[in-house]
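Residue numbers (the working numbering), protein chains in the order written: chain A, 10 to 185; chain B, 2 to 176.
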Amino acid sequence: MIALTGTPVLHTARLTLRVPDLRDWEAFAAFLTSDRAALVGGPVTRERAWRSFGHLVGHWVLRGYGMFAVALSGTEAGIGMAGPWFPESWPEQEIGWSMWSAETEGKGYAFEAAEAARTYAFAALGWPTAVSYIDPANTRSIALARRLGAVQDPAAAHPGDAPCLVFRHPRPEALA
Amino acid sequence: MIALTGTPVLETERLVLRAPGPADWPQWLAYFGTERSRYSGGPLAADRAWRAFCHHLGHWVMRGYGSFAVTLKGGADAIGLVGPYHPIDWPEPEIGWALWNPMHQGKGLAFEAATASLDFVFRTLRWRTVVSYIDPTNLRSVALARRLGAMPDPVAPRPHPDDLVFRHRNPLGAA
Numbered sequence: 010m011i012a013l014t015g016t017p018v019l020h021t022a023r024l025t026l027r028v029p030d031l032r033d034w035e036a037f038a039a040f041l042t043s044d045r046a047a048l049v050g051g052p053v054t055r056e057r058a059w060r061s062f063g064h065l066v067g068h069w070v071l072r073g074y075g076m077f078a079v080a081l082s083g084t085e086a087g088i089g090m091a092g093p094w095f096p097e098s099w100p101e102q103e104i105g106w107s108m109w110s111a112e113t114e115g116k117g118y119a120f121e122a123a124e125a126a127r128t129y130a131f132a133a134l135g136w137p138t139a140v141s142y143i144d145p146a147n148t149r150s151i152a153l154a155r156r157l158g159a160v161q162d163p164a165a166a167h168p169g170d171a172p173c174l175v176f177r178h179p180r181p182e183a184l185a
Numbered sequence: 002m003i004a005l006t007g008t009p010v011l012e013t014e015r016l017v018l019r020a021p022g023p024a025d026w027p028q029w030l031a032y033f034g035t036e037r038s039r040y041s042g043g044p045l046a047a048d049r050a051w052r053a054f055c056h057h058l059g060h061w062v063m064r065g066y067g068s069f070a071v072t073l074k075g076g077a078d079a080i081g082l083v084g085p086y087h088p089i090d091w092p093e094p095e096i097g098w099a100l101w102n103p104m105h106q107g108k109g110l111a112f113e114a115a116t117a118s119l120d121f122v123f124r125t126l127r128w129r130t131v132v133s134y135i136d137p138t139n140l141r142s143v144a145l146a147r148r149l150g151a152m153p154d155p156v157a158p159r160p161h162p163d164d165l166v167f168r169h170r171n172p173l174g175a176a
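Right under this line is the structure:
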């Protein structure tokens, strides 16, 4: 059986975080092809969404870490993603997150997932610091970054040419 | 250890074909930095080349098969990418091939790798049919398709209107 193996699974109070797989594809594609994706570089065609999904999976192979699919514990399909993220050419390592549908918003799931992902990046991967790159119009994500204790780092570089805020998370020792 | 596992390895007289992995990234990046990659969607800046490479890795997980990194027996470095490939928007699966460096050209290595890939999809994956999509200006690839016994299929749908479609022979008989 061809699979990505040796990958971690994280559990929070309500969520299971695991490597993305085909169970997540339809929800991911629906998200990325919808207006909801406008704040994360979308919307894109289903074809581009497929390639982006491949990128999620391949990132794990190349980096040894990546975005976790976030599922409600006891259910199969992911409702969003969160995780350590560092594509080629990015200035530094990020903690990213997105919830794929409006129904799963406003329940604190993204916070719960992002916090678990950040803990993983610091404790298991040994990252000394992490940022989150956020579209200035993405008020929900900005609020979440603040709730996670991250503060804007105007001097830090960001990927791409589009306007982008850099939120820097508290250092691991400050969270311990 | 996080890894793509369970993937097949094909051996030919001079080559080993295996799933691509992190060690192949430098060669991949170098290839996409050259004009030689124009028939593979290049040249690409490093960030785009990274996404394309990740897509090939993810393709293995999503489809249960994917394109093979080609290595010379006795050498660890990949010299090209050859094999089955089927992004979601393509009309049907294809066998693709690219050797990344001119030094490996003209030795029949692409033919050898493509032959092994065809054998794999027909005998192991039990595909009934498979095509190769080729840019009409890519004369080397057109010649290779013909040498493999593939025939033009002018009515088959194609990802890009300018592509040629070559349909391969199924050695097991079914077409």
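Beta carbons: idealized from backbone N, C-alpha and C, even for Gly.
- Annotated three-state conformation of Ile80/B is strand, per DSSP.
- Thr14/A has Ala4/B as its beta-bridge partners, per DSSP.
- Residue state for Ile88/A is assigned as coil, using DSSP reduced to three classes.
- Val10/B counts as exposed, since fewer than 16 other beta carbons sit within 10 angstroms of its beta carbon.
- Contact residues of the region 80-103 of chain B toward chain A are Pro88, Ile89, Asp90 (C-beta to C-beta distance below 8 Å).
- Taking the Cβ atoms as the reference, Ser107/A lies roughly 11 Å from Ala36/A, outside the contact range of under 8 Å.
- For Trp26/B, the enclosing alpha helix (DSSP H) covers residues 26-33.
- The DSSP-derived three-state label of Met152/B is strand.
- Relative to the Cα of Pro27/B, the nearest Cα in the group Pro137/B, Arg15/B, Ala77/B, Gln106/B belongs to Ala77/B.
- Contacts with chain A (Cβ-Cβ distance below 8 Å) from the region 141-174 of chain B involve no residue at all.
- Our two residues, Pro181/A and Pro96/A, have alpha carbons roughly 22 Å apart in a direct line.
- Taking the C-beta atoms as reference points, Pro172/B is found no nearer than 8 Å to Phe121/B.
- Taking the CA atoms as reference points, Arg159/B sits about 50 Å from Gly158/A.
- A residue is called buried once 16 or more other Cβ atoms fall within 10 Å of its Cβ, and Thr84/A, having fewer, is exposed.
- Neighbours of Met10/A across chain B, judged by C-beta separation under 9 Å: Thr6, Gly7, Gly65.
- Shown here, Ile104/A sits in a strand according to DSSP, grouped into three states.
- Across the structure, Ile104/A and Ala139/A are spaced so that their CA atoms are roughly 6 Å apart.
- Under the criterion of beta carbons closer than 8 Å, Leu65/A and Gly73/A do not qualify as touching, at roughly 14 Å.
- Shown here, Gly97/B sits in a strand according to DSSP, grouped into three states.
- Per the DSSP secondary-structure output, Trp99/A pairs with nothing in a beta bridge.
- Listed along chain B are Met2, Ile3, Ala4, Thr6, each with a C-beta nearer than 9 Å to that of Gly15/A.
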